[in-house]
Structure formats: structure tokens, C-alpha cells
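In what follows, a structure is listed as C-alpha cells, so that the remarks can point back to it.
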Amino acid sequence: MGTSRYGVKIRKQETAVLKEKNKRHPCPRCGKPSVKREGHARWVCRSCGREFAGGAYSPQTETGVAARKALSGKKE
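Counting with numbering that gives the first Met the number 0, you get residues 0 to 75 for the letters of the sequence shown.
Following this line, the structure appears as C-alpha cells:
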């Protein structure tokens with residue numbers, strides 16, 4: 000476990016965030032589940048080599064998805 004203290008709730012939240020951060024995510028270019036976190040908000044696909052910015056703990060954030068939709072003009 001990390002450095003969180005004082006309570007079950009915060010430790011469970013930390014565990015969930017770390018699991019999300021450390022799992023392999025699908026690449027937006029090639030689709031293979033080979034995207035790993037290289038640094039704070041920096042993600043790299045180990046298959047095709049694409050490097051992109053995302054969230055601190057996941058490659059796509061809810062805000063980023065909403066902004067991408069707004070810029071492309073798509074409605075859902």
C-alpha cells in the first residue's frame with residue numbers, strides 16, 4: 000500500500016486509483032492494450048510508440064472526452 004493513512008475509505012480510494020493507473024489501457028491509434036504511464040499525465044503506447052498527454056492517473060479524463068466532443072461537433 001502507499002502512504003495514505005487514517006481510514007478505510009481513503010485507503011480503498013487510493014487502491015482504486017493505483018489499479019487504474021497501473022493497468023494497461025488501449026491505444027487510441029493502434030487499439031492494442033499496451034499504453035503505459037511514463038510520467039505525470041504522459042502516456043506511451045509500447046506497440047506503436049505513440050506518446051500523448053492524458054490524465055494523471057488514466058489516459059482519458061471525463062473533461063478531456065467532453066472537450067474532444069465539443070471540438071469535433073459531435074452530439075451524444
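Heads up, the beta-carbon is just placed ideally off N, CA and C, and yes, glycines get one too.
- Message: Please state whether the Cβ-Cβ distance between C44 and S33 is less than 8 Å.
- Response: yes
- Query: Between R36 and the rest of its own chain, which residues show a CB-CB distance below 7 Å, the 5 nearest in sequence each way excluded?
  - Reply: K20, W42
- Message: Just verifying my parser: in three-state terms, what is the DSSP assignment at A52?
- Response: strand
- Query: Cα separation between T14 and R4?
  - Reply: 12 Å
- In whole angstroms, what separates the C-alpha of G54 from that of A40? 5 Å
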